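A.B. asks: Taken in sequence, the protein lines are chains A and B.
Residue numbers for the first sequence follow this note's numbering, so the first one is 196 and each next one is one higher.
Residue numbers for the second sequence follow this note's numbering, so the first one is 3 and each next one is one higher.
Built from N, CA and C at the ideal position, the CB exists for glycine as well.
It should be emphasised that the depicted structure is a prediction, and the values quoted were computed from it without experimental measurement.
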Amino acid sequence: MKIVKKAASILAISSLFTLAACGGGGGSSAPVQGNGTAGGTAQAPAGATSAAGGSMFLGMTNPPILFNTINSVDVASQFTEKFMFDSFLEMEGPLKFVPKLADSFETTDNQTYTIKINKDAKWTDGTPVTAHDAAFTFNLIANPKTETSVGSYLSMLDGLEENGKLKAGESSIPSVKVIDDKTLEFKTKAPVDPNMLKEQLGCKLMILPKHVLEKVDPASLSQDPFMQNPTVTNGPFKFVKYQKDQYVELEANPDYYRGKPELEKMFIKIMPSANMVAQLQTGEVHMNVGGGIGKIPPQDYDTVKGMDHLVAKDEPTIGFQTMMFNTKKLDPKVRQALAYAVDRQQLVDKLLKGYGEVIDGPYSSVNPYLDKDLKKYTFDTAKAKQLLQEAGWDFNRELQFMVPTGNKVREQSADIITQNLIASGFNVKVTKYDFPTVLAKAKAGDFEVVLMGLTLTLDPEVSSLYGIGGTYNFMQYDNPKSEELLKKGKAEANSDVRKGIYSELQKLWNEDVPLISLYSDNDFVGISKKVAYGEPRVFGFHRDLEKWAMTGVQ
Amino acid sequence: MFPYIVRRLLIAIPVLFGVTVFSFFIVNLAPGNPVEMFISPDATQADIELKKEALGLNDPIYVQYWRWLQNLLQGDFGYSFSTYAPVGEMVASRVLPTLLLMGSALLLAYIFAIPIGVISATRQYSWIDYLTTGFSFMGISIPNFFLGLGLIYLFAVQWQILPSGGMNTLGGDGGFGDTIMHLLLPAFVLATGIAGSMVRYVRSSMLEILGQDYLRTARSKGLREFLVVNKHAFRNALIPIITVVGMDIPLLIGGAVVTEQIFQWPGLGQLTIQSILSRDYPTLMAINFIAAITVLLSNLLADILYSVADPRIKYN
Chain A
196 MKIVKKAASI
206 LAISSLFTLA
216 ACGGGGGSSA
226 PVQGNGTAGG
236 TAQAPAGATS
246 AAGGSMFLGM
256 TNPPILFNTI
266 NSVDVASQFT
276 EKFMFDSFLE
286 MEGPLKFVPK
296 LADSFETTDN
306 QTYTIKINKD
316 AKWTDGTPVT
326 AHDAAFTFNL
336 IANPKTETSV
346 GSYLSMLDGL
356 EENGKLKAGE
366 SSIPSVKVID
376 DKTLEFKTKA
386 PVDPNMLKEQ
396 LGCKLMILPK
406 HVLEKVDPAS
416 LSQDPFMQNP
426 TVTNGPFKFV
436 KYQKDQYVEL
446 EANPDYYRGK
456 PELEKMFIKI
466 MPSANMVAQL
476 QTGEVHMNVG
486 GGIGKIPPQD
496 YDTVKGMDHL
506 VAKDEPTIGF
516 QTMMFNTKKL
526 DPKVRQALAY
536 AVDRQQLVDK
546 LLKGYGEVID
556 GPYSSVNPYL
566 DKDLKKYTFD
576 TAKAKQLLQE
586 AGWDFNRELQ
596 FMVPTGNKVR
606 EQSADIITQN
616 LIASGFNVKV
626 TKYDFPTVLA
636 KAKAGDFEVV
646 LMGLTLTLDP
656 EVSSLYGIGG
666 TYNFMQYDNP
676 KSEELLKKGK
686 AEANSDVRKG
696 IYSELQKLWN
706 EDVPLISLYS
716 DNDFVGISKK
726 VAYGEPRVFG
736 FHRDLEKWAM
746 TGVQ
Chain B
3 MFPYIVRRLL
13 IAIPVLFGVT
23 VFSFFIVNLA
33 PGNPVEMFIS
43 PDATQADIEL
53 KKEALGLNDP
63 IYVQYWRWLQ
73 NLLQGDFGYS
83 FSTYAPVGEM
93 VASRVLPTLL
103 LMGSALLLAY
113 IFAIPIGVIS
123 ATRQYSWIDY
133 LTTGFSFMGI
143 SIPNFFLGLG
153 LIYLFAVQWQ
163 ILPSGGMNTL
173 GGDGGFGDTI
183 MHLLLPAFVL
193 ATGIAGSMVR
203 YVRSSMLEIL
213 GQDYLRTARS
223 KGLREFLVVN
233 KHAFRNALIP
243 IITVVGMDIP
253 LLIGGAVVTE
263 QIFQWPGLGQ
273 LTIQSILSRD
283 YPTLMAINFI
293 AAITVLLSNL
303 LADILYSVAD
313 PRIKYN
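Structure below.
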């Protein structure tokens, strides 16, 4: 009896262990089944397959969320989609457009536009890419039942409601016409600067295959399995699989209309930025993709530069960090004082190791619309104190400074800024929240100073930031003069006249300081010397992916 | 025993219900919502309004909860607010990697910790004892992220004998051996922490028993020391150990957020963090629900094991 009980107790204890072990066995079998790709046995980390074209491994820090080209808010998804879907045009330099899916994207009167689609362009299932696909996608975006995040690309089209959606009872945009299989024509409500359309509609929109999705109810399009597994695409690479948060596996599209890609496979690996440098060093990734989604921490720049098997490269971007002021709580003099109080050059030198620039408005030096004669706010503590005294600022009053967590460099910049503000006599109270909380509080106006990063377009239209009711206008900035000029700038089709309008705006914002830009950081990337062709670019990253190649046998 | 188990399981139902109500409201109380995360320069106001309506966020919270509960009772966790994929599938695909990682970590930890704890207790104040308590102290104290990054540096960067992260070699044909290679570092990192505290529990629990009179009796009747320790003492030292094991099991599901992040292990921890940051309510609720079930079950299991280990404990 006793023996039996003892056996039972041992059994019970050991079953505890087996439970754990079972979990183990079960867990390991799933990924093995899922991993049915060809290739040798698992070997040393890098470059596992040694087939003809070879594989390239890109490193990215943010995981893509889904592959719905008309409903992806995150940059990582949009970036990944562009390997599989082509846009009409590519921008290979600031406002320099080159054809891609479209042979031409033209207008004679800045109001009626004609897009001619490449005659050889095919979906991966062999069906030609036609103007019908483009019209189908346009109509989906304008359909008030479709969940989309790109409505602004089309909101200026003629025949749509004020909100950019179809009129009740209509199912297609009246001003969009399919002229023939490869020609699409559309008309805007008023003349617009063609560059504005080309940058958004031309370079960012990726059209969907009509023959695959036309039977799907627009209301449930987002939930359609196609958006997780885009099997019919028109770009240089085809979707193989997405191992969530680990990697996206792509393979060459042999029938690509711009030529069969050199590479056989492309992997986009996802990892925290702390691991990026280690993986570049071991050769597990061949480059980090840069941008907001594949950064190396600035303290590692020198390490990367010192690696013999890598080439380091940096490029200015259009992204920038700002310090936004609540204009309802801080008057213009105090805002100017805050702008003088911050040592922005130190942020660039210390935090970005010099790889960046101090900018004053929403436009970085890459932007052709930047007014280079703009008066700069220099670091001047005395001037800040003087302005505060003039404004009758109560130096005992707490200044509410809100900092979002997540971006390490930005969090560090908050520490320097806080020291600067204290030096100018501010009584700063710093609070840190996660990003969703910061957004909610910023929207509610529950802050005085907040740090926020933005990447807008090269086109100078920034009413989302400075306009009344703009998505990013957390400052609640509402100067009527600025509002009028913003409207004028948006409606002006001549780019020289526009330049004048936006110069005037930059001067106005510089006086009013609803926000002060802190810095625009350069894109810093390391590229393996095993890469024969291809490198991350701020403009036109996806321009000629079909030519990307690895050297010799890996 | 059997009626006891049934009773416990029945009690679990209202508890689970309470947990879901509580967590649903807590999750909704967090500032910010999924649609605010949606702001993008490309989206129009109409796009944002539509999304809010489509996700049902315009309804009062209790209506949202009722809808969620109805779906759950039909076995449907709904669609994710951010990826639009079915939540059930998303969570299921994470459970196995997490079980694999945490299971091997726990197994590894216990295999080493229990004998070491016993040896350490039987040779109290010897150099072995000092060595093991020293190491267990280190195991508890070293932060996982630090140990993890250190091991990546040594094994993946310097010596290049183990991969630095992920679960399979990309482009390889995978295979069980490949997964094991990827598993070694993260499992070891997690095991050190668990083993560190386990050694301590086993040692102190054994020390208490070793001073008991019945062990002197056992020795005086001429029983070999090996049997005294492993048969009489260890069995009686099991009760506190079972408690610790019962508390460790929920970790199987909870995962290890930091370790998963460092080693890019595609487990529940990573999914949890992402769904918190994107305020993905349906996914968060599903993870909460599974975690609650695991805690309830492992408590029950520990209670059952008590009575197996110590027949004096009876449940009626």
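Are the C-beta of Ala48/B and some C-beta of chain A separated by less than 9 Å?
C.D. replies: One-based indexing of the second sequence puts residue 48/B at position 46. Yes, contact with chain A.
A.B. asks: Using only the alpha-carbon positions, how far apart do Tyr572/A and Leu542/A sit?
C.D. replies: Taking the first residue of the first sequence as 1, we reach residue 572/A at position 377. Taking the first residue of the first sequence as 1, we reach residue 542/A at position 347. Using only the alpha carbons, I get a separation of about 14 Å.
A.B. asks: Please list the residues of the region 30-61 of chain B that have a C-beta atom closer than 8 Å to any C-beta atom in chain A, keeping them in chain order.
C.D. replies: Listed by position, the residues of the region 30-61 of chain B near chain A (Cβ gap below 8 Å) are Ala32, Pro33, Gly34, Asn35, Glu38, Met39, Phe40, Ile41, Ser42, Pro43, Asp44, Ala45, Thr46, Gln47, Ala48, Asp49, Leu52, Lys53 and Ala56.
A.B. asks: Using a Cβ-Cβ distance cut-off of 9 Å, determine whether Met745/A contacts chain B.
C.D. replies: By 1-based counting over the first sequence, the position of residue 745/A is 550. Chain B contact via Cβ: absent.
A.B. asks: Is the Cβ of Val230/B closer than 9 Å to any Cβ of chain A?
C.D. replies: In the second sequence, residue 230/B corresponds to position 228, counting from 1. Val230/B does not count as touching chain A.
A.B. asks: Can you tell me whether Gly219/A is buried or exposed? The criterion is at least 16 other CB atoms within 10 Å of its CB, across all chains shown.
C.D. replies: Locating residue 219/A in the first sequence gives position 24, counting from the first residue. The predicted model places Gly219/A with a pLDDT of 30, which falls under 50 and marks its position as unreliable; any figure quoted below should be read in that light. Buried, since its Cβ has 16 or more Cβ neighbours within 10 Å.
A.B. asks: Which residues in chain A have a C-beta closer than 9 Å to the C-beta of Tyr81/B? List them in chain order.
C.D. replies: Within the second sequence, numbered from 1, the residue matching residue 81/B stands at position 79. Chain A residues near Tyr81/B: Ser417 and Gln418.
A.B. asks: So is Pro5/B buried or exposed if we call it buried at 16+ other beta carbons inside 10 Å?
C.D. replies: Counted from its first residue, the second sequence places residue 5/B at position 3. The residue in question, Pro5/B, is exposed, as its Cβ has fewer than 16 Cβ neighbours within 10 Å.
A.B. asks: Taking CB distances under 9 Å as the criterion, tell me whether Val199/A reaches chain B.
C.D. replies: Reading the first sequence from its first residue, position 4 is the one you call residue 199/A. Interpretation of Val199/A is limited by its pLDDT of 41, a score under 50 that renders its predicted location unreliable; the figure taken from the coordinates is listed afterwards. No, its Cβ sits nowhere closer than 9 Å to a Cβ of chain B.
A.B. asks: Just checking, does the region 119-132 of chain B make contact with the region 195-204 of chain B on the three C-beta pairs under 8 Å criterion?
C.D. replies: Judged by Cβ distances under 8 Å, the region 119-132 of chain B makes contact with the region 195-204 of chain B, as three or more pairs qualify.
A.B. asks: Suppose the cutoff is 7 Å on Cβ atoms and the five residues either side in sequence are ignored; what does the same chain contact list for Gln607/A look like?
C.D. replies: Translated into the one-based positions of the first sequence, residue 607/A becomes position 412. Only Leu546 meet the Cβ criterion.
A.B. asks: Measuring only between beta-carbons, confirm whether Asn470/A sits less than 9 Å from chain B.
C.D. replies: The residue given as residue 470/A occupies position 275 in the first sequence. With 9 Å as the cut-off, Asn470/A counts as an interface residue toward chain B.
A.B. asks: What residues match up with Ser166/B in a beta bridge as DSSP calls it?
C.D. replies: The residue labelled residue 166/B in the question sits at position 164 within the second sequence. Paired residues: none, contrary to the question.
A.B. asks: Out of curiosity, what's the CA-to-CA distance linking Tyr714/A and Arg539/A?
C.D. replies: Along the first sequence, one-based indexing puts residue 714/A at 519. Along the first sequence, one-based indexing puts residue 539/A at 344. C-alpha separation (whole angstroms): 7 Å.
A.B. asks: Between Asn429/A and Trp318/A, is the Cβ-Cβ spacing less than 9 Å?
C.D. replies: One-based indexing of the first sequence puts residue 429/A at position 234. One-based indexing of the first sequence puts residue 318/A at position 123. Contact: yes.
A.B. asks: Report the residues of the region 271-287 of chain B with a CB closer than 7 Å to any CB of chain A, ordered along the chain.
C.D. replies: Of all residues in the region 271-287 of chain B, Gln272, Leu279 and Arg281 have a Cβ within less than 7 Å of some Cβ in chain A.
A.B. asks: Chain A partners of Ile154/B, CB-CB under 9 Å?
C.D. replies: Here residue 154/B corresponds to residue number 152 of the second sequence, with the count starting at 1. Correct list: Asn470 and Ala473.
A.B. asks: Select from Tyr132/B, Asn232/B, Leu307/B and Ala94/B the residue whose C-alpha is nearest the C-alpha of Thr274/B.
C.D. replies: Here the question's residue 274/B lines up with position 272 in the second sequence. The residue with the shortest Cα to Cα distance from Thr274/B is Ala94/B.
A.B. asks: Quick check: Val427/A and Thr322/A, are their CB atoms within less than 9 Å of each other?
C.D. replies: Numbered from 1 along the first sequence, position 232 holds the residue referred to as residue 427/A. Numbered from 1 along the first sequence, position 127 holds the residue referred to as residue 322/A. In contact: Val427/A and Thr322/A (Cβ atoms closer than 9 Å).
A.B. asks: Is there at least one Cβ from chain A nearer than 9 Å to Gly167/B's Cβ?
C.D. replies: Within the second sequence, numbered from 1, the residue matching residue 167/B stands at position 165. It does: the Cβ of Gly167/B has a partner Cβ on chain A nearer than 9 Å.
A.B. asks: Could you list which residues in chain A have their beta carbon closer than 7 Å to that of Val159/B, in chain order?
C.D. replies: Looking up residue 159/B in the second sequence gives position 157. Correct list: Ala473, Gln476 and Thr477.
A.B. asks: Any idea if His234/B is buried or exposed, counting beta-carbon neighbours within 10 angstroms, 16 or more meaning buried?
C.D. replies: As a working mapping, residue 234/B is identified with position 232 in the second sequence. Buried, by the Cβ-count rule.
A.B. asks: What's the gap between the Cα of Asp503/A and the Cα of Met519/A?
C.D. replies: As a position in the first sequence, residue 503/A is number 308, starting the count at 1. As a position in the first sequence, residue 519/A is number 324, starting the count at 1. Their backbone Cα atoms lie some 42 Å apart in a straight line.
A.B. asks: Is the distance from the Cβ of Pro835/A to the Cβ of Leu335/A below 9 Å?
C.D. replies: Nothing about residue 835/A can be reported from this structure: the residues present for chain A run from 196 to 749 only.
A.B. asks: Glu285/A by DSSP, collapsed to three states: which one?
C.D. replies: As a first step, residue 285/A must be located in the first sequence, where it is residue number 90. Of the three classes helix, strand and coil, the one that applies to Glu285/A here is strand, per DSSP.
A.B. asks: Figure out for me which residue from Asn521/A, Thr517/A and Val484/A has the closest Cα to the Cα of Asp509/A.
C.D. replies: Working through the first sequence from its first residue, we reach residue 509/A at position 314. Measuring from the Cα of Asp509/A, the nearest candidate turns out to be Val484/A.
A.B. asks: Between the region 578-585 of chain A and the region 593-601 of chain A, are three or more C-beta pairs nearer than 8 Å?
C.D. replies: Touching, no, given that fewer than three Cβ pairs across the two stretches are closer than 8 Å.
A.B. asks: Using a Cβ cut-off of 9 Å (strictly closer), state whether Phe736/A contacts chain B.
C.D. replies: Against the first sequence, residue 736/A aligns to sequence position 541. Judged by the 9 Å Cβ criterion, Phe736/A is not in contact with chain B.
A.B. asks: Does any residue of chain A have a CB that is nearer than 9 Å to the CB of Ser1/B?
C.D. replies: The structure shown does not extend to residue 1/B, since chain B spans only 3 to 318, so no value can be given for it.
A.B. asks: Out of Ala316/A, Lys295/A, Val657/A and Gly549/A, which one is the CA nearest neighbour of Cys398/A?
C.D. replies: To locate residue 398/A, count along the first sequence from 1; it is residue 203. The candidate whose alpha carbon is nearest that of Cys398/A is Lys295/A.
A.B. asks: Buried or exposed for Thr746/A, please, with buried defined as at least 16 other CB atoms from any protein chain shown within 10 angstroms of its CB.
C.D. replies: To locate residue 746/A, count along the first sequence from 1; it is residue 551. The residue is exposed, with fewer than 16 neighbouring Cβ atoms inside 10 Å.
A.B. asks: Could you check whether the Cβ of Gly346/A sits closer than 9 Å to any Cβ belonging to chain B?
C.D. replies: By one-based count along the first sequence, residue 346/A stands at place 151. At least one chain B Cβ lies under 9 Å of Gly346/A.
A.B. asks: Under three-state DSSP, which class holds Thr309/A?
C.D. replies: Position 114 of the first sequence holds residue 309/A. The answer is strand: DSSP assigns Thr309/A an E or B state.
A.B. asks: In three-state DSSP terms, what is Ala239/B?
C.D. replies: Reading the second sequence from its first residue, position 237 is the one you call residue 239/B. The answer is helix: DSSP assigns Ala239/B an H, G or I state.
A.B. asks: Is Pro16/B buried or exposed, if buried means 16 or more other CB atoms sit within 10 Å of its CB?
C.D. replies: To locate residue 16/B, count along the second sequence from 1; it is residue 14. Counting Cβ neighbours within 10 Å, Pro16/B comes out exposed, since fewer than 16 surround it.
A.B. asks: Decide if Thr244/A is buried, meaning its Cβ has at least 16 other Cβ atoms within 10 Å, or exposed.
C.D. replies: In the first sequence, the residue the question calls residue 244/A occupies position 49. Its pLDDT being 40, under 50, Thr244/A is placed unreliably in this model, and the value from its coordinates should be taken loosely. The residue is buried, with at least 16 neighbouring Cβ atoms inside 10 Å.
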